[in-house]
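Undergrad: Quick one: the structure is below, questions incoming.
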Amino acid sequence: MRKRGHHRHAGARLTAGLRTNVLALVVPLRAGAHDVGVREFVAAAISAAGARDHALLLVTAEEGPAALRRAVSDSVADGVVVMDVEAADPRVPVLLGLDRPALLIGVPDSPRGLGCLDLDFAAAGALCFGHLAGLGHEHVALIGPPPAAYRRGSSAATRLAQGFTAEAARRGLRATALAWGDTHWRTLRGLDALFAHHPDVTGLVVHNETALPAVLASLQHRGLRVPEDVSLVAVCPESLTAHSLLELTCVAIPAREIGALAVETVIGQLDDGTVPGTRLLAPRLTPGASTAPPRLP
Numbered sequence: 011m012r013k014r015g016h017h018r019h020a021g022a023r024l025t026a027g028l029r030t031n032v033l034a035l036v037v038p039l040r041a042g043a044h045d046v047g048v049r050e051f052v053a054a055a056i057s058a059a060g061a062r063d064h065a066l067l068l069v070t071a072e073e074g075p076a077a078l079r080r081a082v083s084d085s086v087a088d089g090v091v092v093m094d095v096e097a098a099d100p101r102v103p104v105l106l107g108l109d110r111p112a113l114l115i116g117v118p119d120s121p122r123g124l125g126c127l128d129l130d131f132a133a134a135g136a137l138c139f140g141h142l143a144g145l146g147h148e149h150v151a152l153i154g155p156p157p158a159a160y161r162r163g164s165s166a167a168t169r170l171a172q173g174f175t176a177e178a179a180r181r182g183l184r185a186t187a188l189a190w191g192d193t194h195w196r197t198l199r200g201l202d203a204l205f206a207h208h209p210d211v212t213g214l215v216v217h218n219e220t221a222l223p224a225v226l227a228s229l230q231h232r233g234l235r236v237p238e239d240v241s242l243v244a245v246c247p248e249s250l251t252a253h254s255l256l257e258l259t260c261v262a263i264p265a266r267e268i269g270a271l272a273v274e275t276v277i278g279q280l281d282d283g284t285v286p287g288t289r290l291l292a293p294r295l296t297p298g299a300s301t302a303p304p305r306l307p
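The opening position of the sequence shown corresponds to residue 11 in this note's numbering, with each subsequent residue numbered one higher.
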């Protein structure tokens, strides 16, 4: 948890008599979005809002800043939670002009005083690499979200990759960061290219929940055993690992916790008029059966 600066927010002027008890939730519905994480976040946010006698108005990311402005400025929503934040997110200026409490799920390059909440993905990337390095792996590859996520400047994707590569540099070890589509065919081709160019890779970090089953199947197709030949760490909602035949080493994305905290944070802004600064949840790695020391040559 870090950067807990507080200051007054204009949304405090919404008195109890003028409030609608509706929060706008901007959710990504684009191809390649992390479906399980989004569903868990939304479900937890709905539950938390209901427990506080609030309702959620869902606004899809594809509707853009104009839809966000309409949903809030027309007094439909008292406050707003925005998911899938990007480095130069075009919704930040809109949120600043709405005169309503707002919370970003993710950290843009310039939050400009808006509250931010997320997993500390940079620390998660470093934690994944450090776990594998501690087992003796000297070259680890990161399989991230599809390239479109990096082109958009997805906060989670870029911060995890930065933490991953920074930890490798700190230890003087090798890191390879990759991004490809999440279909089985693209995953198979991607792993073929990875091991053709980097045959010394003995560890994988998979930060792509949609591609995770395809990665495991493609490794088996290549005759590579986990963890005997390749160790693997997954970064995904913990519930996703329950569907794997192998108990995966995992850094869990706490989507449910973040969803509930997001609602509580915005309602808190409405109640007392403070902006919560940036809050990053510390990642936790749960060892499983998918990581082990590398096999000796």
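Cβ coordinates follow ideal geometry from the N, Cα and C atoms, glycine included. In this text, all values refer to a predicted model and were calculated from it rather than measured experimentally.
Would residue 59 pass as a contact of residue 33 if the rule is Cβ separation under 8 Å?
TA: Along the sequence shown, read from residue 1 onward, the residue named residue 59 stands at position 49. Along the sequence shown, read from residue 1 onward, the residue named residue 33 stands at position 23. In contact: residue 59 and residue 33 (Cβ atoms closer than 8 Å).
Undergrad: Starting from residue 95, trace the beta strand (DSSP E) both ways and give me its first and last residue.
TA: Position 85 of the sequence shown, counted from the start, is the residue given in the question as residue 95. Note, residue 95: premise wrong, no beta strand (DSSP E); not H, not E.
Undergrad: Who pairs with residue 164 in a beta bridge, going by DSSP?
TA: Residue mapping note: residue 164 aligns to position 154 of the sequence shown, counting from 1. BP columns for residue 164 point to 96.
Undergrad: Give me the Cα-Cα distance between residue 37 and residue 140, rounded to the nearest whole angstrom.
TA: Along the sequence shown, read from residue 1 onward, the residue named residue 37 stands at position 27. Along the sequence shown, read from residue 1 onward, the residue named residue 140 stands at position 130. Cα to Cα, residue 37 sits roughly 32 Å from residue 140.
Undergrad: Apply the 10 Å Cβ neighbour rule to residue 43 and answer buried if 16 or more other Cβ atoms are within range, or exposed otherwise.
TA: Working through the sequence shown from its first residue, we reach residue 43 at position 33. At residue 43, the pLDDT of 48 sits below 50, so the modelled position is not reliable and the matter cannot be decided from this model.
Undergrad: With DSSP as the reference, label residue 57 as helix, strand or coil.
TA: Numbered from 1 along the sequence shown, position 47 holds the residue referred to as residue 57. Note: residue 57 maps to helix in three-state DSSP.
Undergrad: Report all residues from its chain with a CB closer than 7 Å to the CB of residue 231; omit the five preceding and five following residues, and keep chain order.
TA: Here the question's residue 231 lines up with position 221 in the sequence shown. Excluding positions up to five away in sequence, the list reads 198.
Undergrad: Put residue 1 into one of helix, strand or coil per three-state DSSP.
TA: Not covered by the structure: residue 1. The range shown for the chain is 11 to 307.
Undergrad: Leaving out five residues before and five after residue 122 in sequence, what residues of the same chain have Cβ atoms less than 7 Å from its Cβ?
TA: For the purposes of this step, residue 122 is identified with residue 112 of the sequence shown, where counting begins at 1. Counting only Cβ-Cβ distances below 7 Å, and skipping sequence neighbours, we find 102, 106.
Undergrad: For residue 277, which three-state DSSP category applies?
TA: Taking the first residue of the sequence shown as position 1, residue 277 is located at position 267. Note: residue 277 maps to helix in three-state DSSP.
Undergrad: Taking residue 308 as the reference, which of 278, 275, 50, 96 has the closest Cα?
TA: Look at the range of the chain in this structure, 11 to 307, and you will see that residue 308 is not part of it.
Undergrad: Which same chain residues end up closer than 7 Å to residue 293 when comparing Cβ atoms and leaving out the 5 residues on each side of it in sequence?
TA: In the sequence shown, counting from the first residue as 1, residue 293 sits at position 283. 129, 130, 133, 134, 137, 261.
Undergrad: Go ahead and label residue 5 buried or exposed: buried means 16 or more other beta carbons lie within 10 angstroms of its beta carbon, across all protein chains shown.
TA: This structure gives no information on residue 5, because the portion of the chain shown stretches from 11 to 307.
Undergrad: Cβ of residue 227 within 8 Å of Cβ of residue 253?
TA: Translated into the one-based positions of the sequence shown, residue 227 becomes position 217. Translated into the one-based positions of the sequence shown, residue 253 becomes position 243. Not in contact: residue 227 and residue 253 (Cβ atoms no closer than 8 Å).
Undergrad: For a test of the three-state rule: what should DSSP assign to residue 263, helix, strand or coil?
TA: Here residue 263 is taken as the residue at index 253 of the sequence shown, counted from 1. The answer is coil: DSSP assigns residue 263 none of H, G, I, E or B.
Undergrad: Exposed or buried, which one is residue 282 when buried takes at least 16 other CB atoms within 10 Å?
TA: As a working mapping, residue 282 is identified with position 272 in the sequence shown. The residue is exposed, with fewer than 16 neighbouring Cβ atoms inside 10 Å.
Undergrad: Let me make sure I understand the geometry here. Which of 300, 202, 65, 224 has the alpha-carbon closest to that of residue 87?
TA: Along the sequence shown, read from residue 1 onward, the residue named residue 87 stands at position 77. Closest by alpha carbon: 65.
Undergrad: What residues match up with residue 89 in a beta bridge as DSSP calls it?
TA: Within the sequence shown, residue 89 is the residue found at index 79, counting from 1. Per DSSP, 33.
Undergrad: Using the beta-carbon count (16 or more within 10 Å), is residue 154 buried or exposed?
TA: On the sequence shown, residue 154 is found 144 positions in, with the first residue counted as 1. Classification of residue 154: buried, given that the 10 Å Cβ count is 16 or more.
Undergrad: Taking three-plus beta-carbon pairs below 8 Å as touching, is the region 159 to 173 in contact with the region 201 to 212?
TA: Because the criterion of three Cβ pairs below 8 Å is not met, the region 159 to 173 and the region 201 to 212 do not touch.
Undergrad: Would you decide whether residue 76 is buried or exposed? Buried here means 16 or more other CB atoms lie within 10 Å of its CB.
TA: Translated into the one-based positions of the sequence shown, residue 76 becomes position 66. By the neighbour-count rule (16 or more Cβ atoms within 10 Å), residue 76 is not buried but exposed.
Undergrad: Tell me which residue opens and which closes the beta strand (DSSP E) that residue 68 is part of.
TA: The residue labelled residue 68 in the question sits at position 58 within the sequence shown. 65 to 70 is the span of the beta strand (DSSP E), which, as asked, contains residue 68.
Undergrad: With 16 other CB atoms within 10 Å as the buried threshold, where does residue 238 fall?
TA: Against the sequence shown, residue 238 aligns to sequence position 228. Answer is exposed; the Cβ neighbour count stays below 16.
Undergrad: What first and last residue would you give for the beta strand (DSSP E) that runs through residue 127?
TA: To locate residue 127, count along the sequence shown from 1; it is residue 117. Taken as a continuous stretch (DSSP letters only), the beta strand (DSSP E) holding residue 127 covers 125 to 129.
Undergrad: Go ahead and label residue 61 buried or exposed: buried means 16 or more other beta carbons lie within 10 angstroms of its beta carbon, across all protein chains shown.
TA: The count along the sequence shown starts at 1 and reaches residue 61 at position 51. With fewer than 16 Cβ atoms within 10 Å of its Cβ, residue 61 is classed as exposed.
Undergrad: Counting only runs that start and end within the region 146 to 224, where is the beta strand (DSSP E) found for 3 or more residues in a row?
TA: Counting whole runs of 3 or more residues, the region 146 to 224 contains the beta strand (DSSP E) stretches 149 to 154, 184 to 189, 213 to 216.
Undergrad: Taking just the CA atoms, how far does residue 70 sit from residue 39?
TA: Against the sequence shown, residue 39 aligns to sequence position 29. Against the sequence shown, residue 70 aligns to sequence position 60. Distance between the alpha carbons of residue 39 and residue 70 is about 6 Å.
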